[in-house]
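Chains as they are written, first to last, in the working numbering: chain C, 174 to 513; chain S, 181 to 447.
Report on the following structure.
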Amino acid sequence: MYKTPDGKEIFVLDGHTHFWDGSPENQANIHGKQFIDCFYAYHTGFSPKEVLWPKEKFEKYTEDDIYRDLFIDGPDDMAIIQSTYLSDFYKNGFSSIERSSAMAARHPERFIVNGTFDPRDGEKALEYIHYMKEEFDIQGVKMYTAEWNGASKGWRLNDPDAYKCFELCDKLGIRNIHVHKGPTIKPLSLDAFDVTDVDDAATDFQNLNWIVEHCGLPRLDDFTWIATQESNVYGGLAVALPLIYNRPRHFAEIMTELLFWIGPDKILFGSDYGIWTPQWLVERLWNFELPEEVVAGRGVVLDDEAKEKILGLNAAKLYGIDVEAKKKQLAGAPVQIAAE
Amino acid sequence: MLTDIIKADLETEVWECLEMVTDPELDEPITDMGFVERVEVIDARRVEVEFRLPTYWCSPNFAFLMAFGIRREIGALSWVREAQVWLNDHCFGDQVNAGVNSGRAFSDVFAEYCNGADLEEVVETFIAKAFDRRQEVMLLGLRKRGLTAEEIVTMRLGAFDRIVFGDEDEIWQKPRYRDLLLTQGLAETPEDLAFPTWDKQPIAAEALDGHLARQRNLRINMEFNGAMCRGLAQTRYKEVEFGEDGPTLVDFMMGRVPPREDAVARK
């Protein structure tokens, strides 16, 4: 719950968070080390000084840490935890559904845990989707197309094996597909961040919601085009939002483009926790105004109503959450300060 | 003493020529981005360059393009007999280093990693983006000067050449824009249009706004990439320490960078 300066209570559903273990003990090789180091550079490069974490906490934070950072010190009412395995880099997976679900079980009213799968596993991927549905009743998955898998250094959403998986998701009612386009390694002749596969998949699977994390950045231009064409494509603000801190004008330009092309109903807040913590992000977003010279002639507004949608109402719709009922439930179970 | 001066002069020459190598994604010189970490001239004939990208995961095809761009620019200096280019701490570093130092042609090395496909298409995509980025600066500059859409879209190269720009970015981009017009065969004589589209078409006066809107979208995207690259390059290998004045970023480069046996072997 974010309380605005004038006392209004805003429902916050954090659409993109993780409960990872990137510690040296879990790293399988140099790639595992470089992966968490790269995340840490995002953290240190784009956070205000006063919210920086020591490396050790960043590599592996505890169940108490995540609960405190999101719900006690942070304004989140609920958070979606994404799963990412990176089995070629981490012994027990970077953030597995089992580990995240065990953590979330302490406060089931606050977490939605999403699964993930790797279409290159063929039949096994299909079995795994069944397993995640039966065991954890997942409503969504996170797709990381840049994941390495043996000789393969990436995959595309329009690969035939991926389509088989999406058909099964559709059948089982796993409707929310979060997509993170990382750099594709091979073939090198392809633009590494090419997003045309999102276009194909979203066209061919109209029942599914495609939430493109980082708004397709670094291909914002292609993403806005696709999202305008496809009614089932959404943009997640993770990674773009932290620019609000040291490059506010640039953030204003990105928001203006997003509001102009896809509108306030299809933009989702996500802190990308543990890379960033939600408190400062939500506070700054709420107090943010688009400069006159940036919006000039574009006819877009980032008013309180738009911000409320972005911070929680849009994601609540995608995940079937009755916001009023949820507010009541949470009011009856206030955040618990864990005994330290 | 004299050899030290010569060495320093030659190294400056190398640094200057490296300004011609751009990050294809950003259209900015790799030297401005701080990617080049070491330039050394040995015996006034041999050049060694080491560079590092903002992350271990930066796109390998861009890494290849930059590495070969470095080799090309150094090789063009008349006194250079030998050149060695090293990309450090990158997931595709071994392949890039083996390729760029093999003496083989770029297309040849590259084809190996592309299932035989051609890199030209992706290269062209990025030149097209660079062209639009540079052109936008010129178009906005002329607008600021009060020129009408009609005057801008019908301007000839000769007239464009005579304009003296004042803004820093405009002064920087003007020769870079002109360079692409010429090398890409988009305008050559003073009578040619100064502002064709990338597809060699004239822009209609009423289409200028739409043209600029598309270029703005592209610029925002490229600026985002630039902001990310700069931020990440700045903090790579740094960690937070909590002292009396609160948290500070400390350089952990020494001892934290993965061991580079190859670097030792080279010496």
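Even for Gly, the Cβ is constructed at its ideal location relative to N, Cα and C.
- Annotation for Arg226 of chain S: the continuous beta strand (DSSP E) segment containing it runs Arg226 to Arg232.
- For Gly218 of chain C, a Cβ of chain S is located within less than 8 Å of the residue's own Cβ.
- Its chain contains Leu366, Ala367 and Pro382 as the residues whose beta carbon lies nearer than 7 Å to that of Pro376 of chain S, once the 5 sequence neighbours on both sides are disregarded; these appear in chain order.
- For the alpha helix (DSSP H) assignment, the uninterrupted runs of no fewer than 4 residues enclosed by the segment 316-373 of chain S are, from N- to C-terminal side, 329-333, 337-342 and 348-363.
- Taking CB atoms only, Gln315 of chain S has no neighbour in chain C less than 8 Å away.
- Counted as a single uninterrupted DSSP element, the stretch harbouring Phe215 of chain S is not any beta strand (DSSP E), since DSSP gives it neither H nor E.
- Any Cβ of chain C closer than 8 Å to the Cβ of Asn405 of chain S would place that residue at the interface, and such an atom is present.
- Looking at the DSSP output, Asn268 of chain S sits in a beta bridge with S:Arg232.
- Within the segment 268-317 of chain C, complete alpha helix (DSSP H) segments of at least 4 residues are found at 270-277 and 296-309, given in chain order.
- With 16 or more other Cβ atoms from the protein chains shown falling within 10 Å of its own Cβ, Asp242 of chain C counts as buried.
- When only Cα atoms are considered, Phe231 of chain S and Asp431 of chain S end up about 18 Å apart.
- Excluding sequence positions up to five before and after Ile254 of chain S, its CB lies within less than 6 Å of the CB of Val227, Val260 and Ala263, all in the same chain and listed in chain order.
- Asn202 of chain C sits exposed, since fewer than 16 C-beta atoms from the chains shown fall within 10 Å of its C-beta.
- Contacts between Cys211 of chain C and chain S, judged by CB atoms closer than 7 Å, involve Thr235, Tyr236 and Trp237 in chain order.
- Taken residue by residue, none of the segment 331-343 of chain C has a beta-carbon sitting less than 7 Å from a beta-carbon on chain S.
- Contacts with chain S (Cβ-Cβ distance below 7 Å) from the segment 418-439 of chain C involve Arg420, His423, Glu426, Ile427 and Glu430, listed in chain order.
- In this structure, Thr257 of chain C lies away from Thr235 of chain C, with their beta-carbon atoms at least 8 Å apart.
- Within the same chain, Cβ atoms closer than 6 Å to the Cβ of Phe208 of chain C are found at Phe262, the five residues on either side in sequence being excluded.
- Checking the DSSP bridge columns, you'll see Gln200 of chain C partnered with C:Tyr263.
- Put simply, the segment 442-450 of chain C touches the segment 209-221 of chain C. At least three CB pairs are less than 8 Å apart.
- Contact annotation: Glu199 of chain S and Asn405 of chain S have beta-carbon atoms that are not nearer than 8 Å.
- Comparing C-alpha distances from Ala411 of chain C to each of C:Met428, C:Asn405, C:Lys501 and C:Phe433 shows the shortest one belongs to C:Met428.
- Taking 8 Å as the upper bound for CB-CB distance, Ile302 of chain C and Asn349 of chain C are not in contact here, some 14 Å apart.
- The Cβ atoms of Leu486 of chain C and Phe184 of chain C sit closer than 8 Å to each other.
- Close partners of Ile400 of chain S in chain C (Cβ separation under 7 Å): Leu393, Glu426, Ile427 and Glu430.
- Residue pairing for Glu421 of chain S: DSSP places it in a beta bridge opposite S:Thr428.
- Within the same chain, Cβ atoms closer than 8 Å to the Cβ of Val467 of chain C are found at Arg422, Ala425, Glu426 and Thr429, the five residues on either side in sequence being excluded.
- In the DSSP assignment, Ile440 of chain C forms a beta bridge with C:Gly408.
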